[in-house]
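Asks: One structure follows; several queries about it will come next.
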């Protein structure tokens, strides 16, 4: 899978895992900040995103500083997933 194919899947997973009822996956911009932006995500949501990465992609984030570098936006998350897994 390439990054272009992964991003819409990831956006759908974000909406699903965070139960964002008022958000359509296609409305999330690739470079839109996940925190401090229009999505209104908080620290609890960051934990849910860490769970998403572990369940869906087998990626365990143990260091909060690492998480802050990954959970910036969809672009960063997708790049990290592709660099650290074998997504089919």
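In full-length UniProt numbering, the protein residues as written are 1 to 88. Cβ atoms here follow ideal geometry from the backbone N, Cα and C, with glycine treated the same way.
Can you give me the Cβ contacts of residue 41 inside the same chain, cut-off strictly under 6 Å, excluding the 5 residues immediately before and after it?
Replies: Excluding positions up to five away in sequence, the list reads 34, 35.
Asks: Could you pull out every residue in the same chain whose Cβ sits closer than 7 Å to the Cβ of residue 85, ignoring the five residues on either side in sequence?
Replies: Excluding residues within five positions, the ones whose Cβ falls inside 7 Å are 57, 58, 59.
Asks: Thinking C-alpha only, which one of 12, 30, 31 is nearest residue 23?
Replies: The residue with the shortest Cα to Cα distance from residue 23 is 12.
Asks: Nearest by alpha-carbon distance to residue 79: which of 64, 65, 53, 63 is it?
Replies: For residue 79, the nearest C-alpha among the options comes from 53.
Asks: Is it buried or exposed, residue 28, if we count other Cβ atoms within 10 angstroms and call 16 or more buried?
Replies: Buried is the call here.
Asks: Among 26, 63, 72, 48, whose alpha-carbon lies nearest the alpha-carbon of residue 17?
Replies: The shortest Cα separation from residue 17 among 26, 63, 72, 48 belongs to 48.
Asks: Would you please state the rounded distance, in angstroms, between the beta carbons of residue 39 and residue 32? I believe it to be under 8 Å.
Replies: Right, the Cβ-Cβ distance comes to about 7 Å (below 8 Å), so this counts as a contact.
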